[in-house]
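Here the protein sequences come in this chain order: S and F. If you read the first sequence in my numbering, its first letter stands for residue 2, the second for the next number, and so on. If you read the second sequence in my numbering, its first letter stands for residue 255, the second for the next number, and so on. Each residue gets a CB set at the ideal place from its N, CA and C atoms; glycine is no exception. The model shown is predicted, which means the values in this text are computed figures rather than measured ones. This report concerns only the one structure given below.
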Amino acid sequence: MMLPDKRLLLLPTLLLALLATATTAAEPRSGYEYIKQSTRDMQDDDFENPGMLALEQGRQLFNVTPAGREKSCAACHGSEGEDLDVTGIARYPVHNGNGLVTLQKQINSCRENHGDGSLPIDHPDLIALETFVRNRAAGEVINVQTDGPMAPLLEKGEQLYRLRYGLIDMSCQHCHDFYPGQRIRGQTISQGMSNGFPAYRLDIGEMTNLHQRIQQCLSLMRAEPFEAGSEEINLMGLYIMSRSNGLKIETPAVRY
Amino acid sequence: MRYCRISLLSGILLLQLALLTGSGIATAREQALPDDYCQWAVTDYAIAQPLCELAGDASRGMAIALDSGRGNCLACHQLPIPDVEAYGTIGPPLSGIGARLTKGQIRLRVVDTREINPMSIMPGFYRDPRLIHRPDKRYAGRTFLNAQQVEDVIAYLVTLK
């Protein structure tokens, strides 16, 4: 009988080492730390940052009173959104006792209450409104609830994050936990944080919300992306936002 | 020798998927393998037999390794090819790989490296398609590369001494 290969003995050690990397949570770092200096400069300059267009569009929508209605968003929250609770914004997504409420959902429910009707998750107007509202809280520290009713939801979100998807057969964790700082072809991989969203994406030249970014990473893996507004995407988005706890909101960020 | 082989590791992955999503994924194993999928067997961390008994072509293999729409090995590995703008830094450089590993060992790494390291980020280029979770419809039931392409890439890698 042959003796087992030496490498067979090494395998458990290797696995343990990998598991250890997987479970020790790294200090969260903003995507800002991984982008090129020129991209940072673009983000930091209000005249250069293309996300400012969406912000302006959001400001207008916030202030417009729809035909036949009495109130704009500004009627309750101030024309600059000055009556919004910025620490509250940094808590989203929140749990309202019944389930998860994303900031998009909250904006949509305000619109419904005032007769505007809710917008599809990837509608440019909703992205613009979310950009304006989140930007009110720029610089606030993200502080998503992680205990109580959130705990089981976060666990599901994390499981989804660790699953492999698509022909490329990788999990989100593979790139954003194991290899941040490494390059995949020319692109530096970040921790995949959400503090910059909605963000302007240089790659596609568009503003995208977090859910669209998740879908784009799934497509990159040649996977069938989860649908906009689906439970899976909400859970993943929640988990990603909780990973970003402690980071300052940068909306609208400029990202690859 | 060819026989059907569902490894322990793949089994664990399936179980993990099944636990999370319930019925949807558990059916994966019941799906038929595509007709043109050739079975392969691992011995001593190597696949000795060429896939479908095909012979590879090194120059085609180099083109596949470079091509971002096909092998895209460059996404993660450095290769000794001049005039390439950007290499990935995720995997080890592949220069000299032909001197470090045997052809059969290289074949296993390209076919499905999860057999060695279940946590590996490297895609299995000829992984059992039934093990793929939520593939885009255009790719369902397919392998990343076909058997000929895999053999071409291997023929190229063994020349990197």
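Excluding its 5 nearest sequence neighbours in each direction, Asn-196/S has C-beta neighbours in its own chain below 7 Å: Ser-31, Ile-143, Ser-245, Leu-248, Lys-249, Ile-250 and Glu-251, listed in chain order.
Proximity of the segment 177-192 of chain S to the segment 338-356 of chain F meets the contact definition, three or more beta-carbon pairs being nearer than 8 Å.
Here Glu-113/S has Ser-119 as same chain residues with Cβ atoms under 7 Å from its own Cβ, once five neighbours each way along the sequence are excluded. Among the residues facing chain S, Gly-358/F is not included, as its CB has no counterpart in that chain under 8 Å away. Residue range 38-45 is occupied by the alpha helix (DSSP H) that includes Thr-40/S. Interface flag for Ile-386/F against chain S is set, since a Cβ pair is found closer than 8 Å. In the three-state reduction of the DSSP assignment, His-96/S falls in the strand class. Bridge pairing for Ile-185/S: Gln-188/S [DSSP].
Around the Cβ of Lys-37/S, a 10 Å sphere holds fewer than 16 other Cβ atoms; the residue is exposed. Inclusion of Gly-230/S and Ile-122/S in the CB contact set at 8 Å is warranted, their separation being smaller than that value. Here Ile-375/F is near Tyr-180/S, since their CB atoms are less than 8 Å apart. Around Tyr-93/S, the same chain offers Leu-104 as residues with beta carbons nearer than 6 Å, after the five sequence neighbours per side are excluded.
Annotation for Glu-34/S: Ser-191 place their beta carbon closer than 8 Å to its own, counting only its chain and skipping 5 residues before and after.
Straight-line measurement puts the Cα of Ala-75/S at about 27 Å from the Cα of Asn-99/S. Only residues of its own chain outside the window of five on either side were considered, and among them Met-53 have a CB closer than 6 Å to the CB of Asp-47/S, listed in chain order. The beta carbons of Tyr-291/F and Arg-223/S sit about 18 Å from each other, so the pair does not count as a contact at 8 Å. Rounded to whole angstroms, the separation of the alpha carbons of Asn-371/F and Ile-241/S is 26 Å.
At a cut-off of 8 Å, the C-beta of Ala-224/S has a neighbouring C-beta in chain F. Scanning Ala-295/F, Leu-411/F, Tyr-410/F and Asn-400/F for the CA closest to the CA of Pro-288/F turns up Asn-400/F.
Nearest Cα to Arg-70/S within the set His-115/S, Phe-133/S and Gly-140/S: His-115/S. Gln-61/S is the residue among Asn-136/S, Ile-90/S and Gln-61/S whose C-alpha sits nearest the C-alpha of Ser-80/S.
Within the segment 307-358 of chain F, the runs of alpha helix (DSSP H) that reach at least 4 residues and sit entirely inside it are, in chain order, 312-320 and 351-354.
Per the C-alpha coordinates, the member of Pro-150/S, Val-102/S, Ala-68/S and Ala-55/S positioned closest to Asp-117/S is Ala-68/S. When the Cα atoms are used, Leu-221/S and Glu-28/S turn out to be separated by approximately 26 Å. Residue-level contact by beta carbon fails for Arg-214/S and chain F, as no gap is shorter than 8 Å.
Going by beta carbons, Gly-378/F and Ile-301/F fall outside the 8 Å limit.
DSSP places Ala-76/S inside the alpha helix (DSSP H), whose first and last residues are 74-78.
Exclusion of the five residues before and after Gln-332/F leaves Tyr-341 and Pro-347 as the residues of its chain whose Cβ lies within less than 6 Å of its Cβ.
If you compare the alpha carbons of Tyr-257/S, Met-171/S and Ile-108/S with that of Leu-385/F, the shortest gap goes to Met-171/S.
As computed with DSSP, Thr-209/S is found in a beta bridge with Ala-200/S. Boundaries for Ala-139/S: no alpha helix (DSSP H) harbours it, and the DSSP string shows neither H nor E there. Judged by DSSP in its simplified three-state form, Arg-244/S adopts helix. Restricting attention to Ala-317/F, Gly-345/F, Ala-319/F and Arg-388/F, the CA atom closest to the CA of Cys-330/F is found in Gly-345/F. Each residue's CA atom was taken as its position, placing Ala-138/S and Gly-167/S some 36 Å apart. Under the three-state reduction of DSSP output, Leu-164/S falls in the coil class, being neither helix nor strand. Spatial neighbours of Gly-206/S in its own chain (CB-CB distance under 7 Å, excluding positions within 5 residues in sequence) are not present.
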